[in-house]
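Note sheet for the following structure.
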Amino acid sequence: MQTRLLGRTGLNVSVLSLGASPLGSVFRNIDESEGIRTVHEAIDLGINFIDVSPYYGETQAETVLGKALKGFPRDSYILATKVGRYGPDRFDFSAERVTRSVDESLERLRVDVIDVIQCHDIEFGSPNQVIEETIPALRRVREQGKARFIGITGLPLKIFREVLSRTEVDTILSYCRYSLNDASLESIIPFLKEKGVGIISASPLSMGLLTERGAPVWHPAPDALKAAARKAAEHCRERGEDLSRLALQFAVANPDIATTLVGTASLENLKKNVEWAQSPPDPELLNEVREIFRPVQNLTWPSGRPENNDEARLV
Ligand code: NAD
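Here this note's numbering runs 145 ahead of the position in the sequence shown, where the first position is 1.
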């Protein structure tokens, strides 16, 4: 598995990484042993970066991940988790809550230190609070040796510009913004590189949109985007290809993105994803599929507080 440096952290992360949200039965009910097997298989296949959050399955994903990681040498994986989001509508970015949250995560994950501690979906909070209270609290946590690096996550790209113009963090985690249907993350990559920030991109399959099965019912994409994704899947099928393969290869090919997080608890999909990540996308098929997405390219949906969204193509 190829690795890339995560900004200035010195961490060498596998280009494909494991999103542990399925361990919290976020997409479908999975039993604990299935979740544990997925983590073991991912590490065996060369994946060294794992992302989780107390929010996923309301702490279940962290608990299952902690059990899975037991016995592995601590330097054989790089662990990222989050603070601030605890339910679909439960957010608390206060210094007191996030400090306690780190201790809770350390216990559930059964480790002494978290490699990357991230403020989760900050567009649901106030940028001022994140900058003036949450990040300083995480710096104190870092000084205590409980975390090594600090990051922020969210959907609207505006939040990354805002926070990074006013303070320093080590990493950003963006999702659904670097895939076949929406590559708008590209627009802020020069800014992020200038700041020396490590770029983590999640959801290369646009949260299931870019799959044969299609988007799950809860998916926030507008109908026009879902229709384009169905057309793209059909086009790939006619060419004897799989849309997910193309989507994954497109995401992993960008050298400025240190790692791409995919979520799956299926061993079969995990193996496929690792194999697919070894080669670049077929340029001809890529052009054809991007042409299908052109009318809906970069179409996105609002997330969090309206003032934290500024996307040109919001629906
Ligand atoms: P994804 O684009 O990886 O899509 C996941 C879906 O695709 C699942 O339904 C999975 O079963 C399916 N899938 C995976 N591999 C497949 C394959 N080979 N063929 C067919 N289907 C396949 O999106 P995701 O799960 O939303 O994101 C991955 C991870 O990124 C999450 O687990 C989480 O760790 C992280 N993430 C973080 C945030 C945040 O911090 N705000 C947001 C989104 C995602």
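Using N, Cα and C, we set each Cβ at its ideal position, and we do this for glycine too.
Predicted model only: the values in this text are computed from it and were never measured.
The DSSP-derived three-state label of LYS417 is helix. Here LEU210 is near ALA165, since their CB atoms are less than 8 Å apart. Relative to the ligand NAD, the beta carbon of MET352 is positioned inside 7 Å of a heavy atom. The alpha-carbon of GLN423 is positioned some 22 Å away from that of GLU433.
DSSP places LEU251 inside the alpha helix (DSSP H), whose first and last residues are 240 to 254. With respect to ILE297, ILE333 sits apart: the two C-beta atoms are not nearer than 8 Å. In the displayed model, ARG358 falls within coil according to three-state DSSP, outside both helix and strand. One Cα belongs to ARG390, the other to ASN273, and the distance between them is close to 40 Å. Remark: the C-beta of THR356 is in contact range of the ligand NAD, defined as less than 7 Å to any heavy atom. The distance from the Cβ of VAL342 to that of ASP368 is about 35 Å, inconsistent with a contact at the 8 Å cut-off. The segment 266 to 307 is shown to contain whole beta strand (DSSP E) runs of 3 or more residues at 292 to 299, in chain order. Under the three-state reduction of DSSP, ILE175 is assigned to coil, being neither helix nor strand.
Taking C-beta atoms as the reference points, LEU325 and GLU357 fail to come closer than 8 Å. Short of 6 Å from the beta carbon of GLU177, and not among the five residues preceding or following it, lie these beta carbons of its own chain, in chain order: VAL209.
In the structure shown, PHE217 falls within a coil segment according to DSSP collapsed to helix, strand and coil. For VAL261, the uninterrupted beta strand (DSSP E) segment begins and ends at 259 to 264.
For ASN157, the uninterrupted beta strand (DSSP E) segment begins and ends at 157 to 159.
Closest in C-alpha terms to MET146, from the list THR405, ALA282, LEU190, comes LEU190. Taking all protein chains shown into account, ASP260 has 16 or more neighbouring C-beta atoms within 10 Å of its C-beta and is therefore buried.
For ASP196, the enclosing beta strand (DSSP E) begins and ends at 194 to 196. A direct Cα-to-Cα measurement between PRO167 and SER346 gives close to 17 Å.
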